[in-house]
Every structure is written in structure tokens, then in C-alpha cells.
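J.:
2 protein chains.
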Amino acid sequence: MDTSLTDRDTDAGLRIRSAAVLLFARQGYAATSIRDLARAVNLTNAGIYHHVSSKEALLADLMRAGHRGLIDATARLLDGVQQPSDRLALLIASLTAIHARSPLTTRVMDGELRSLTPGSTAHDEIIALRDEYEDHWRRALADGAGQGVFRVADQKLSRLALMSMCTGTSEWYRPDGDSSLEQVCAEFVAIGLAAVRAPARPTASADLSLLPDFPWEPPDA
Amino acid sequence: MDTSLTDRDTDAGLRIRSAAVLLFARQGYAATSIRDLARAVNLTNAGIYHHVSSKEALLADLMRAGHRGLIDATARLLDGVQQPSDRLALLIASLTAIHARSPLTTRVMDGELRSLTPGSTAHDEIIALRDEYEDHWRRALADGAGQGVFRVADQKLSRLALMSMCTGTSEWYRPDGDSSLEQVCAEFVAIGLAAVRAPARPTASADLSLLPDFPWEPPDA
DNA sequence: GGGGGCCTACCGAACGTTCGGTTGCGTTGA
DNA sequence: TCAACGCAACCGAACGTTCGGTAGGCCCCC
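Chains as they are written, first to last, in full-length UniProt numbering: chain A, 1 to 221; chain B, 1 to 221.
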């Protein structure tokens with residue numbers, strides 16, 4: 001008897017997104033053809049267009065949903081947290097964790113902006129979402145510097161350095177590798193707080209269960 | 001009267017490389033056609049093939065020369081430098097500086113490995129060159145940890161974090177931006193040494209004139 | 001006069017996308 | 001109860017365009 005949750009992966013739309021994020025992350029958007037995608041989900045190239053209006057719209061959908069998930073999760077995580085060093089620690093841990101847990105989606109989010117037609121609605125929208133996310137970092141660093149708890153030569157410089165460190169995780173992290181996700185996050189938080197000369201780090205660690213689990217992120221590497 | 005250095009940019013090979021690195025960095029290798037490249041250097045697509053054996057060979061050439069330049073410059077910079085913290089500082093400053101000064105070439109080097117046919121001679125060669133470069137980092141961190149001057153939870157983790165910080169520079173640095181190249185390098189060195197808990201940083205700063213100037217790197221942004 | 005440098009013209013293949021058609025399931029009306 | 005209908009899901013074939021690459025010839029300079 002079948003006790004499982006019905007037809008989980010019969011939803012073609014989800015399977016297409018899943019294959020798309022895998023191929024876009026591995027080969028890049030431009031090097032991935034609709035036929036590649038169709039083969040991966042056992043459809044013909046024409047069949048894809050029943051579920052997707054265009055190749056670029058598919059990319060835009062993935063990027064939009066990814067950014068919204070990140071922004072929402074970040075807002076939930078930071079909710080009520082006051083100390084700038086706590087906020088920065090949460091930002092570092094969560095950005096690192098999402099890049100480790102959803103490396104394919106984040107690689108597409110971080111690297112395929114240039115594949116959206118410049119000036120298109122989708123392109124502008126993704127830029128706005130990215131800015132909205134980065135504002136969390138800007139505010140945390142500005143608050144910390146304003147309160148004198150961070151001593152930092154250049155807020156923008158520090159932010160870019162730390163964000164690069166976190167986003168780079170999607171390029172090398174493997175769940176079965178040498179370090180656990182918790183170790184990576186802890187180490188990166190330590191580096192980040194040292195970078196802004198924050199005094200000994202305190203209090204709560206990030207509740208990673210608040211992070212989004214993108215339903216289309218393939219489970220494998 | 002023309003007092004300039006003769007026919008600098010009449011060398012078609014160089015102009016092609018210059019345009020290629022610009023287009024590959026901006027649009028990606030897969031999204032750049034031979035015809036795009038030809039238009040950029042005022043040739044026809046067929047004319048390109050008089051100077052280049054294939055599109056992929058052109059990419060491989062750029063990546064190979066870029067990596068060799070980086071490796072050679074790093075060896076020169078580190079020559080005779082003993083202290084692990086000095087070596088690490090030089091590695092951080094030089095990797096940051098080359099990504100700031102040659103953002104297009106480094107973006108291609110860092111991001112287009114996947115565009116080389118897997119298993120091809122060129123692909124394997126570039127991987128070997130990248131490993132050869134990273135060994136400089138591995139040795140510096142191992143030496144520092146071995147001598148007890150670095151206190152670091154995980155050498156690989158620290159290396160990846162710091163290298164991501166440095167390579168990220170090519171994505172945002174602008175010569176006319178808020179911070180000078182020297183400021184960026186100094187700040188990143190400070191962050192890096194704090195990351196490995198090195199005691200107060202000492203001695204020589206990097207002689208950036210030892211870094212390679214890729215002749216094909218376009219001067220503009 | 002011969003070769004480097006570049007052209008016009010073209011090839012076969014692959015591209016994103018569209019179109020007309022078929023299948024099969026769920027709902028409806030008599 | 002069952003024919004009739006609607007519609008989501010998909011396919012095979014083709015559209016026009018662009019792709020990486022090639023063949024052969026023209027021109028200019030040594």
C-alpha cells in the first residue's frame with residue numbers, strides 16, 4: 001500500500017525548475033539549451049513551453065524566488081535582535097548557510113544577473129531585491145560603527161569583503177566535506193567580528209531552521 | 001609628428017585578446033560569439049580564424065597566460081620572505097590587487113573554467129595551474145600554524161574564506177571609487193591577519209609593481 | 001611573385017520559439 | 001449511464017536565426 005505523500009514529483013513545473021537550477025549552475029544559463037532542460041525532465045523542447053513562457057522568464061522566476069526567500073528569512077532572523085554584533089553575526093551565519101545548503105540556487109542568483117536583458121522589468125526587479133537585501137548589511141554596519149562597537153576603516157569595504165567570503169561558500173562547500181555547516185558558520189562569524197574589531201562575541205547563534213529551503217534545489221551535488 | 005611607441009595596437013592578436021577578455025568577462029564565454037568578437041575588432045568572423053585556432057583555444061590561452069602571470073608574480077613577491085604572517089599579507093595584498101587592477105582577466109580566470117571541455121588538455125592544465133597557485137596559500141597557512149604564529153581552527157576554511165574575499169574584488173572595485181587600491185589591500189590584509197589571529201602585523205608591504213600587467217587587459221571598465 | 005592578412009560566401013548544426021494536433025482525464029447534461 | 005465537451009499536458013515538425021568553423025579568392029607589401 002502506498003503511504004507516501006501522493007504525487008510529490010509529478011508537478012512538472014517544480015521538476016523543470018529543479019533541473020533548470022542544476023543546469024544553470026553547472027553550465028551557466030547561456031550554455032544551457034531548452035533541449036538540455038527538456039532531456040533532463042523527459043519532455044520534448046516543445047513540452048517545456050507548456051510550463052514556461054520563455055527561457056529568460058524561467059531564469060527570472062528562479063532568481064526572484066531565491067532573493068525573496070533570502071530577504072524574508074533574513075528579516076525573520078534579525079527580528080528583535082538589537083546588538084549590532086549580534087545582527088552582523090546572524091547576517092554572516094545565514095548568508096553562509098544558505099550558500100552552503102542551496103549552492104545551486106545561490107550560484108544562479110549571484111552569477112546570472114548579467115543573463116537578464118538589461119533594462120528589462122525582471123532585470124531591474126532583481127537589482128532592487130539585491131539592494132534590499134544588502135541594506136540589512138549596510139544598516140548593521142552603520143549601527144555598529146555609529147555606536148562605536150565596530151571600529152572599521154570603511155564600512156563598504158568591510159561589507160563587500162565579508163559578503164564575498166560568505167557567498168564564496170557555494171563554490172566549495174560539500175556536506176560530506178571536512179567541516180560541518182556549523183563549523184563553517186562559527187568560523188566565518190569569528191572572522192567577521194574580528195574584521196570589524198567587535199569585542200568578544202556574545203549571545204545567540206543563528207536558528208538555521210528559519211532559512212528557506214528552496215523546493216526546487218536538487219538534493220545532490 | 002608621431003612620437004608614440006610605433007604600432008602598439010596594430011597587433012591583431014593582442015587586439016583580439018583584448019576584446020575577448022572584455023566580452024568574456026561582461027557576457028560570459030558561452031554568450032559571446034565569434035561574430036561579436038569580430039565586430040569589436042573590425043574584422044569578419046572568418047578573419048578571426050586567421051589569428052586564432054578556435055574559440056576555446058582563445059579562452060584557454062587567456063586563462064593559461066593569466067594564471068602563469070599570477071603564479072610568477074607571486075613567486076617573485078614571496079621570494080626570500082620568511083615570516084608566515086608576512087607571506088600571508090603578501091598573498092592577500094597581491095591577490096586583491098591583481099583582481100582590482102585586472103578585473104576582466106581575473107573574472108575570466110575565476111569563472112570560465114567550466115567552459116573548457118572537461119577532460120581536455122587545456123582544462124586539466126588550467127586546473128593544475130590553479131592548484132599550483134593555491135599551494136602558495138596552503139604552505140603559508142601550514143607554516144604559520146606549524147610555527148604557532150597562526151591560531152586557526154581549520155586551515156582550509158580560512159584559506160577559502162580569505163581567497164574569496166580577495167577574488168571578490170574584481171566584482172566591485174572601481175579605480176575611481178571610494179577607496180584606493182592601497183586602502184583596500186591594507187584593510188584586507190588587516191582582516192586576513194585577524195582571521196588567523198596573527199599578532200600585530202609587521203614589516204614590508206607588497207611591491208605592487210611586481211604584479212603582472214596583462215597587455216590585453218582593456219584600460220576601461 | 002609569393003605569402004601574410006583579410007575578405008565574401010557558405011556549410012551543417014543547433015538555437016529559442018511556435019504551431020497544429022493528439023491523448024486522456026474530469027465535468028456536465030440528458 | 002453515457003455521450004459530449006473542455007482543457008491540461010504533451011508531441012512532432014518546422015520556423016527563422018545564429019552558431020562555430022571552412023573554402024577559396026583578392027590585395028598589398030616585401
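Note that beta-carbon positions come from the ideal geometry of N, C-alpha and C, so glycine has one too.
1) Please list the terminal residues of the continuous alpha helix (DSSP H) segment that includes residue 108 of chain B.
2) Secondary structure at residue 174 of chain B, three-state DSSP: helix, strand or coil?
3) Does DSSP put residue 94 of chain B in a helix, in a strand, or in coil?
4) For residue 12 of chain B, which residues of its own chain have a beta-carbon under 6 Å away from its beta-carbon, when the five flanking residues on both sides are left out?
5) Are residue 48 of chain A and residue 57 of chain A touching if we call contact CB-CB under 8 Å?
6) Quick one: using the 10 Å Cβ neighbour count with 16 as the cut-off for buried, is residue 112 of chain A buried or exposed?
7) Closest by CA to residue 172 of chain A, which one among A/184, A/219, A/147?
8) Select from the region 170–182 of chain A all residues with a C-beta closer than 7 Å to any C-beta belonging to chain B, and list them in chain order.
9) Measure the alpha-carbon distance for residue 189 of chain B versus residue 92 of chain B and round it to whole angstroms.
10) Consider the Cβ of residue 3 of chain A: report whether some Cβ of chain B lies at a distance smaller than 8 Å.
11) Would you say residue 194 of chain A faces chain B, with C-beta separation under 8 Å as the test?
12) Taking the continuous alpha helix (DSSP H) assigned at residue 162 of chain A, which residues delimit it?
13) DSSP three-state call for residue 121 of chain A: helix, strand or coil?
14) Distance, Cα to Cα, residue 16 of chain B vs residue 95 of chain A?
15) Could you please tell me which residues of the region 140–174 of chain B, in chain order, have their CB closer than 7 Å to any CB of chain A?
16) Three-state secondary structure (DSSP) at residue 6 of chain A?
17) Using a Cβ-Cβ cut-off of 6 Å (strictly less than) and excluding sequence neighbours within five positions of residue 25 of chain A, which residues of its own chain qualify?
18) Pairs of beta-carbons, one from the region 144–160 of chain A and one from the region 61–78 of chain B, closer than 8 Å: are there three or more?
19) By DSSP, does residue 27 of chain B sit in helix, in strand, or in coil?
20) Ignore the nearest five residues each way along the sequence and tell me which others in residue 22 of chain B's own chain have a CB closer than 7 Å to its CB.
21) Closer than 9 Å between beta carbons: that is the criterion. Which residues of the UniProt domain "HTH tetR-type" (10–70) of chain B meet it against chain A?
22) Any heavy atom of the ligand ADP closer than 7 Å to the beta-carbon of residue 21 of chain B?
23) Suppose the cutoff is 6 Å on Cβ atoms and the five residues either side in sequence are ignored; what does the same chain contact list for residue 143 of chain A look like?
24) Would you say residue 191 of chain A faces chain B, with C-beta separation under 8 Å as the test?
25) CA-CA distance, residue 88 of chain A and residue 88 of chain B?
26) Against chain B, with Cβ distances strictly below 8 Å, would residue 205 of chain A count as a contact?
27) So with CB distances below 9 Å, who are the chain A contacts of residue 134 of chain B?
28) Is it right to say residue 146 of chain A is buried, meaning 16 or more other beta carbons lie within 10 angstroms of its own, or is it exposed?
29) State buried or exposed for residue 164 of chain B, treating a residue as buried only when at least 16 other CB atoms are found within 10 Å of its CB.
30) Give a yes or no on whether the minimum CB-CB distance between residue 187 of chain A and chain B is below 8 Å.
31) Please list, in chain order, the residues of the region 90–124 of chain B that have any C-beta partner in chain A closer than 8 Å.
32) Would you kindly report the start and end of the unbroken alpha helix (DSSP H) that includes residue 43 of chain A?
33) Near residue 67 of chain A, what residues of its chain come up, given a Cβ to Cβ distance below 6 Å and the 5 sequence neighbours on each side ignored?
34) Please state if the CB of residue 86 of chain A and the CB of residue 178 of chain B are separated by a distance shorter than 8 Å.
35) In chain order, what residues of the same chain lie with their CB nearer than 8 Å to the CB of residue 187 of chain B, ignoring the 5 residues before and after it?
T.: With the structure as the only source:
1) Per DSSP, residue 108 of chain B belongs to the alpha helix (DSSP H) from 103–111.
2) Residue 174 of chain B carries a coil assignment under DSSP once its states are collapsed to helix, strand and coil.
3) In the structure shown, the three-state DSSP call for residue 94 of chain B is helix.
4) Taken in chain order, the residues that qualify are 51.
5) Result no, Cβ atoms of residue 48 of chain A and residue 57 of chain A do not sit closer than 8 Å.
6) With 16 or more other Cβ atoms within 10 Å, it is buried.
7) Considering only alpha carbons, the answer is A/184.
8) So the list reads 172, 178, 179, given in the order they occur along the chain.
9) Taking the straight line from one Cα to the other gives about 6 Å.
10) Bear in mind that a pLDDT of 26 at residue 3 of chain A, under 50, signals an unreliable position, so the model cannot answer this.
11) Output row for residue 194 of chain A: interface = yes.
12) Taken as a continuous stretch (DSSP letters only), the alpha helix (DSSP H) holding residue 162 of chain A covers 155–167.
13) The three-state secondary structure of residue 121 of chain A, taken from DSSP, is helix.
14) Take the alpha-carbon of residue 16 of chain B and the one of residue 95 of chain A: they are about 39 Å apart.
15) Contacts with chain A (Cβ-Cβ distance below 7 Å) from the region 140–174 of chain B involve 153, 154, 156, 157, 160, 161, 164, 165, 168, 172, listed in chain order.
16) Note that residue 6 of chain A has pLDDT 33, beneath the 50 cutoff, so the model's placement of it is unreliable and the number below is only indicative. Looking at residue 6 of chain A - three-state DSSP - the assignment turns out to be coil, as it is neither helix nor strand.
17) Within the same chain, residue 25 of chain A has close Cβ partners 104, 107, 108.
18) Touching, no, given that fewer than three Cβ pairs across the two stretches are closer than 8 Å.
19) Residue 27 of chain B carries a helical assignment under DSSP once its states are collapsed to helix, strand and coil.
20) Closer than 7 Å at Cβ, skipping near neighbours: 104, 218.
21) Those residues of the UniProt domain "HTH tetR-type" (10–70) of chain B that come within reach of chain A (Cβ to Cβ, closer than 9 Å) are 26, 27, 28, 29, 30, 31, 32.
22) No copy of the ligand ADP appears in this structure; indeed no ligand is present at all.
23) Here the set comprises 84.
24) Yes, because at least one Cβ of chain B sits closer than 8 Å to the Cβ of residue 191 of chain A.
25) Between residue 88 of chain A and residue 88 of chain B, the C-alpha separation is close to 26 Å.
26) No, residue 205 of chain A does not count as interfacial toward chain B.
27) Chain A residues near residue 134 of chain B: none, gap ~11 Å exceeds 9 Å.
28) Label assigned to residue 146 of chain A: exposed.
29) Flag for residue 164 of chain B reads buried.
30) For residue 187 of chain A, the nearest CB of chain B lies under 8 Å from its own CB, placing it at the interface with that chain.
31) Within the region 90–124 of chain B, the qualifying residues are 111, 114, 115.
32) DSSP places residue 43 of chain A in no alpha helix (DSSP H); its state is neither H nor E.
33) The answer, listed in chain order, is 129.
34) For residue 178 of chain B and residue 86 of chain A, no; Cβs fall outside 8 Å.
35) These residues qualify, in order along the chain: 179.
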